[in-house]
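Undergrad:
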Amino acid sequence: MLSIKNLQVDIEGKNILQGLDLDVGAGQVHAIMGPNGSGKSTLSHALAGRDGYEVTGGEMLFDGHDLLALDPEQRAHLGIFLGMQYPVELPGVNNMVFMRESLNAIRRARGEEELDAVAFMQRVRDKARLVDLDEKLLKRSVNAGFSGGEKKRNEILQMAMLEPKLAILDETDSGLDIDALRIIAAGVNALRSPERSIILITHYQRLLDYIEPDYVHVIVGGRIVRSGDKELALELEKKGYGWIEEEAAA
Amino acid sequence: MDPNRVRPTQDSVDELIRSGYAHGFVTEIDSDTVPPGLSEDTIRLISQKKNEPAWMLEWRLKAYRHWLTLEEPAWAHVHHPAIDYQAISYYSAPRKKGDGPNSLDEVDPQLLDAYNKLGIPLEEQKALAGVAVDAVFDSVSVATTFRKNLAEAGVIFCAMSEAVREHPELVRKYLGSVVPHTDNYFACLNSAVFTDGTFVYIPRGVTCPMELSTYFRINEAGTGQFERTLIVAEDNSHVSYLEGCTAPMRDENQLHAAVVELVAMEDAKIKYSTVQNWYPGDEQGRGGIYNFVTKRGDCRGDRSHISWTQVETGSAITWKYPSCILRGNDSVGEFYSVAVTRGQQQADTGTKMIHLGRNTRSTIVSKGISAGNGQNTYRGLVRMAQRAENARNHSQCDSLLIGDQCGAHTFPYIEVRNPTAKVEHEATTSKIGEDQLFYCRQRGLSEENAVSMIVNGFCKEVFNQLPMEFAVEAQKLLNITLEGAVG
Amino acid sequence: MTTADTRPSWFEQLIMLSGPDSPGQSPAWLDNARAQARKTLAELPVPNRKQENWRYSAVEGLLKNSFHPTAGYVPDPQALDPESLLLPSFETYRLVFANGHYVPQLSSSERLPAGVTLGNLRTALGSDSKWIAGWFGQAAGHTEHLFTALNTALANDGALLHVDENIEVDRPIEMIYLNPGQDDASLIQPRNLVVLEAGARATLVERFIGSGKARYFNNNLTEIGLREGATLAHYRVQDESRNAWHLSSLYLSQAQQSRYRGTTLAFGGAWARTEYNAHFRHEGAECVLNGLYTAGDRQLTDFHLDVQHSVPACISRERFKGILYGKGRAVFDGRILVDRQAQHTDAHLTNDNLMLTRDAEVDTKPQLEIYADDVKCSHGTTVGQLDPEQVFYLRSRGIAASAAHRMLCLGFANEIIDSIELQPLRDYAIHRLAITLNEAVARG
Ligand SMILES: Nc1ncnc2c1ncn2[C@@H]1O[C@H](COP(=O)(O)OP(=O)(O)OP(=O)(O)O)[C@@H](O)[C@H]1O
Ligand SMILES: [Mg+2]
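Protein chains in written order, with the numbering used here: chain L, 1 to 250; chain P, 1001 to 1487; chain U, 2001 to 2444.
1) Please give me, in chain order, every unbroken run of the beta strand (DSSP E) with length at least 3 that falls completely inside the stretch 2363-2397 of chain U.
2) Check the C-beta distance from methionine 161/L over to lysine 127/L and give it rounded, since I have them as a contact under 8 Å.
3) Give, in chain order, every unbroken run of the alpha helix (DSSP H) that is at least 4 residues long and sits entirely within the stretch 115-157 of chain L.
4) Jot down the residue ranges of each uninterrupted alpha helix (DSSP H) in the stretch 2049-2107 of chain U, minimum 4 residues, whole runs only, in chain order.
5) Assuming leucine 2095/U and serine 2107/U form a contact by the criterion Cβ under 8 Å, report the distance between their Cβ atoms to the nearest whole angstrom.
6) So what's serine 1139/P in DSSP terms, helix, strand or just coil?
7) Using a Cβ-Cβ cut-off of 6 Å (strictly less than) and excluding sequence neighbours within five positions of valine 1155/P, which residues of its own chain qualify?
8) Please name the residue, chosen from Leu191/L, Gly79/L, Lys151/L, Arg50/L, that lies closest to aspartate 71/L on a Cα-to-Cα basis.
9) Please list, in chain order, all residues of the same chain as methionine 99/L whose beta carbon is under 7 Å from its beta carbon, the five residues on each side excluded.
10) At 8 Å on the CB atoms, spell out the chain U contacts of isoleucine 1414/P, in chain order.
11) Assuming glutamine 8/L and threonine 56/L are in contact, meaning their beta carbons sit under 8 Å apart, how far apart are those beta carbons, in whole angstroms?
12) Aspartate 1404/P touches chain U at which residues, Cβ-Cβ below 8 Å?
13) Against chain U, which members of the stretch 1414-1428 of chain P pass a CB distance test of less than 8 Å?
14) If we cut at 9 Å on Cβ distances, does isoleucine 2377/U have a partner in chain P?
15) Can you find a CB in chain P that lies within less than 9 Å of the CB of asparagine 2353/U?
16) Does chain P have any CB closer than 9 Å to the CB of cysteine 2409/U?
17) Taking 9 Å as the threshold (C-beta atoms), are serine 1362/P and alanine 1385/P in contact?
18) Rounded to the nearest angstrom, what separates glutamate 1169/P and glycine 1403/P at their Cα positions?
19) Starting from the beta carbon of tyrosine 1185/P, find every residue of chain L whose beta carbon is closer than 8 Å, and list them in chain order.
20) From methionine 2355/U to valine 88/L, what does the alpha carbon distance come to, in whole angstroms?
21) Measuring from the CB of leucine 2211/U, is there a heavy atom of ligand 1 at a distance below 8 Å?
22) For alanine 1408/P, go through chain U and note every residue whose CB falls closer than 8 Å to its CB, in chain order.
23) Any C-beta of chain L within less than 8 Å: which residues of the stretch 1452-1467 of chain P qualify?
24) Glutamine 2238/U bridges to which residues according to DSSP?
25) Please name the residues in the stretch 76-103 of chain L whose beta-carbon is closer than 9 Å to at least one beta-carbon of chain P, in chain order.
26) If you count every other CB in all the chains shown that lies within 10 Å of the CB of aspartate 173/L, and 16 or more means buried, which is it?
27) With a threshold of 7 Å on Cβ separation, who are the neighbours of glutamate 150/L within its own chain once the five nearest residues in sequence on each side are excluded?
28) Taking Cβ positions, are alanine 2330/U and valine 2362/U nearer each other than 9 Å?
29) Do you know offhand how far isoleucine 1088/P's Cα is from serine 2241/U's?
30) Please go through the stretch 2270-2349 of chain U and give each complete beta strand (DSSP E) segment of 3 or more residues, from N-terminal end onward.
31) Leaving out the 5 sequence neighbours to the left and right, which residues in its chain are closer than 7 Å to cysteine 1459/P when beta-carbon positions are compared?
32) With distances taken between CB atoms, is the gap from cysteine 1324/P to lysine 1352/P smaller than 9 Å?
33) Find the residues of chain P that neighbour proline 72/L, judging by a C-beta separation of less than 8 Å, and give them in chain order.
34) Measure the C-alpha to C-alpha separation of isoleucine 1432/P and isoleucine 2173/U and round it to an integer number of angstroms.
35) Straight-line CA distance for serine 1370/P to aspartate 2239/U?
36) Cα-Cα, which of Ala2037/U, Gly2269/U, Ile2430/U is closest to alanine 2214/U?
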């Protein structure tokens, strides 16, 4: 489904991703771990097509499409969803209106019917219940003044609404209380299906207790230096990154 | 970024920019327009055409003689070639059959059609919206709907020229009492030559049963529009008034120098909303309306409340400062503004909040959006007089820049003479956040949609102040105005 | 217009009174500058309230008074009470001027590090004046500001500081401008020049001291040039006599990556105005202006800040706080202009005013004029009194109302005072402010 080959990404002239390879098959869950500043969020932004993340080499194919040729919204139309580490605030933009615009833009792009107001409302309600998001937040501006955890729940709500083919969740578990972690994991698991893939960026094993990954990768210095199954995450939890970094340097 | 990325071509952007103005049609109606020029004779002619009483003519002449002693102000942050006041025609009226319409049926069908094109179907509004509409076409008021329903409530809602004849005692008492002819150059000119406008009187204790509304349109070439609006709300009365404006596309500049006076007595509340979409001129800055307007509300009574909301998207140049004189104790003044400039448009707008009474409160929310070569200036004055015990003001002025050829300027003046008064002013200027744009696009919105969504969010606080139908219209207008401004 | 008649006479009178008063050896470039400035004096319109720059600060009072240049004055160092001038435990290199005249006996510039020139203009003109010519009048110009022209037209002495490349001056440099009070109605016009070459670092403290009830006009002007990567911390303490007029004009010229940090404390004067002109013409420079001002009965304190960004990526910050009491008046005008090319400008200004009494007045006018889009600019201003709830809170803890007021005022001023990095000066500022607050609270 997603194939990344030798990806090189610069930010402000500084080389951050230095030849990254990753293959994600349909229905798989990949966890990506790695020390702070190793390039995890850079990867997620590059996948979503953010300006300023300059791809200087390599390729990214998604369902046969060359992502590099596409604008962020076109990638979203293909079904790529990025749950951000720091979700952006949109003052004055109503959360519900935003989600409806987003959902319908994607549906339109795919040649599907737009959802009418009633169907949309029904869907929002259902999904909001799923991630246990206070309905009051739906009436407020997107993420504006939301607490850290509320923002993350709102991201998951949007993911649930949009039912993406590839969800990249960048530290969605950071800043969540224990109950929220479970709820969000349930939300993600509900989305798991043979057609959907998930990339989970996280620092903590506890998320992986709830969402069992098929693969675990470690990024160090802008490269995947080790891949394994869920046991790798357990090992990291015990030993930290030092040994991998040393191995990578050797 | 990758050069293969799909981007709108410059051509398609240009086309969008040009798509601009939807109200630029000219209506072919037989009209009665006096030749250009300004003199005492012109004024006598206007007065005579309107069958005015002698006192009104005297009032005009006095203003005219004073105007001759004044110089055009130069302090605003706008630039335009000198206006030739002798080249303007000061009176233009659709030629009427007989004495003027008694009902909508008698109004020239072409005219009604023109209003329909503007999206103000008078007939329909009569039936549906419950909005009473007074329409000023060029200089004269052509139709006032809903007269009967309003009359039952005791509300007077009529053309100013009619009020001069039918309610002289009220007009004499209040006209010029908020904006005297000596106030400024354009208000003085208006006092001399105003041709029509709207008069509203809400008696004591009455809540006006419907929104009142006036649509202004400049149609004839070479004319100026000088309407005069006066709203008086007696003790404990309430009224919400809306005005909208359009003009056809013409290469020449046309002058619109209106005066609006509001008087709110004890516990009265006046809400005045404007959606201004005069023709802004073309991309090169040819043509367009000079919108030089004096608007002022006088909170005369205790606990009175005047609220101005404006959405300014049109005009080549806008020069207006809807203001509040907070005379009554505990009175409240509000100013909510969205001003958009693009192309070669210039806006110098803002408000004055003059706090005289105790516990007076004012709120200023100004959202400026500049695109293209537009120049947008907020200019405001907050004055806390010595008697203004415990007065409060809060001002928030934010500017958004779209493109690197435009400008956004913020000039607040704050004068405090009372230590118990409290003034807070904040202003910010920036472009649309890259992170916000990316977030929206990540969720599938096109760049254009993302911009419009973020800009609408930016203006939300102001749109929230508008009555529902107007808010929707304002939002649409904003979207149309910004179309193609991004690229 | 009546002012049109008085203007030439007021300025011309000063020029006439000064006669051919020129510094002993006057190089041609200086004569030219002076001549040009005299022309400007004749041409520029007199300041009046209709001019935006003078809208709130009546200058008529100043123009009604006659002043005379102090050419003949010879300072008597003994009579100047040198001890009282100095701040405790403040080790500095020092220049002292009395009535605008350099007093070498009170100055101390021994053991200056190599590469540092510190002295007065008049003396320097006699010897090595070449480097001065390259800077003099460059930032200030001669044609735009009337009082700048006045200073230039009669320029004959002032402070000079020059620091060579990459030199870091080990102690603060102090410049004291004293009006000893025996000479009423004098016109004092220090003309200062401060230049830091590339990578140089220095701290400069200017102090204006007026004693007693002396009535004079101090029309001082300082040009500051910072070359690439130079850093200047500049403190100014204005404590003129309560009958004095004071106008400080500062002109900054900053090269790439240079940093200027200016802190002004304004306590004195009957009519005191500080004008800061910072015009960024080189990328990556930074200018931070802080200020604290107080004004009581018959005092007007006025700040005019004009910060222009004409190139990308410069940073400006302005924070000004004022405390008004009695019939004190404050005027604040802070303009940030960002030209079209000046993308990535980061400019923020705040002005907060505390009014302690009924008759105090504040007029404040921040301005943003922005022609570039990729910028972060803001300004904020507040006017108000002490928060009654805070006062109540302190009183409920047993603190007397007057002490509570003082405490809260100090708290208000703290942000500025805390930014003073020289301990003796910070102590002085607190001490000086406490005196004012005692007066204010007693008066209030
Ligand atoms: N705008 C920028 N300018 C310069 N460097 C940047 C910029 N954005 C990111 N970087 C650098 O790129 C590197 C990778 O950052 P990234 O955000 O991808 O790390 P991360 O692996 O997600 O870390 P974390 O676990 O802390 O979220 C870091 O060194 C970061 O400082
Ligand atoms: Mg990260």
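Think of the CB as a built atom: it goes at the ideal place given N, C-alpha and C, for glycine as much as any other residue.
TA: Per the coordinate set shown:
1) If we require 3 residues or more, the beta strand (DSSP E) runs fully inside the stretch 2363-2397 of chain U come out as 2376-2384.
2) 5 Å between Cβ atoms; contact.
3) With a minimum length of 4 residues, the continuous alpha helix (DSSP H) runs that stay inside the stretch 115-157 of chain L are 117-130, 135-139.
4) Here the runs fully enclosed are 2060-2064, 2082-2085.
5) With a Cβ gap of about 5 Å, leucine 2095/U and serine 2107/U count as contacting.
6) The pLDDT assigned to serine 1139/P is 49, lower than 50, so where the model puts this residue is not dependable; a value taken from the coordinates is nonetheless given after this. Collapsing the DSSP output to three states places serine 1139/P in coil.
7) Cβ neighbours of valine 1155/P beyond the five flanking positions: Ile1202, Cys1208.
8) For aspartate 71/L, the nearest C-alpha among the options comes from Arg50/L.
9) Taken in chain order, the residues that qualify are Val124, Gln158, Met161.
10) Neighbours of isoleucine 1414/P in chain U, taken as residues whose beta carbon is under 8 Å from its own, are Val2362, Asp2363, Thr2364, Lys2365, Thr2381, Val2383 in chain order.
11) The beta-carbon distance between glutamine 8/L and threonine 56/L, rounded to whole angstroms, is 5 Å. This is short enough to meet the 8 Å contact definition.
12) Within 8 Å Cβ-Cβ: Arg2340, Gln2343, Ala2372, Asp2373, Asp2374.
13) Listed by position, the residues of the stretch 1414-1428 of chain P near chain U (Cβ gap below 8 Å) are Ile1414, Glu1415, Val1416, Arg1417, Asn1418, Pro1419, Thr1420, Ala1421, Lys1422, Val1423, Glu1424, His1425, Glu1426, Ala1427, Thr1428.
14) Here residue 2377/U is cysteine; the residue named in the question, isoleucine, does not match the sequence. With 9 Å as the cut-off, cysteine 2377/U counts as an interface residue toward chain P.
15) Proximity of asparagine 2353/U to chain P, defined by a Cβ-Cβ separation below 9 Å, is satisfied.
16) No - not a single Cβ of chain P is within 9 Å of the one on cysteine 2409/U.
17) Not closer than 9 Å, so no.
18) Their backbone Cα atoms lie some 53 Å apart in a straight line.
19) Here the premise fails: no neighbours, minimum Cβ distance about 37 Å.
20) The straight-line gap separating the alpha-carbon atoms of methionine 2355/U and valine 88/L is approximately 40 Å.
21) For clarity, residue 2211/U is serine in the given sequence; the question names leucine instead. False, no ligand heavy atom lies under 8 Å from that Cβ.
22) Neighbours of alanine 1408/P on chain U, chain order: Leu2368, Ile2370.
23) If you check each beta-carbon in the stretch 1452-1467 of chain P against every beta-carbon of chain L, the ones closer than 8 Å belong to Met1453, Ile1454, Asn1456, Gly1457, Phe1458, Cys1459, Lys1460, Glu1461.
24) Looking at the DSSP assignment, glutamine 2238/U forms a beta bridge with Phe2208/U, Ala2266/U.
25) Result list: Ala76, His77, Ile80, Phe81, Leu82, Met84, Tyr86, Pro87, Val88, Glu89, Leu90, Pro91, Gly92, Val93, Asn94, Val97, Phe98, Met99, Glu101, Ser102, Leu103.
26) By the 10 Å Cβ count, aspartate 173/L comes out buried.
27) Within the same chain, glutamate 150/L has close Cβ partners Leu137.
28) It is a contact, given that the beta carbons lie within the stated cut-off.
29) Each residue's Cα considered, the two are about 60 Å apart.
30) Segments of the beta strand (DSSP E) lying fully in the stretch 2270-2349 of chain U: 2271-2280, 2286-2295, 2300-2309, 2315-2324, 2329-2338.
31) These residues qualify, in order along the chain: Val1338, Lys1367, Leu1478.
32) The beta carbons of cysteine 1324/P and lysine 1352/P sit closer together than 9 Å.
33) Neighbours of proline 72/L on chain P, chain order: Phe1438, Arg1441, Gln1442.
34) For isoleucine 1432/P and isoleucine 2173/U, the distance between alpha carbons rounds to 46 Å.
35) Annotation: serine 1370/P to aspartate 2239/U spans about 45 Å, alpha carbon to alpha carbon.
36) Closest by alpha carbon: Gly2269/U.
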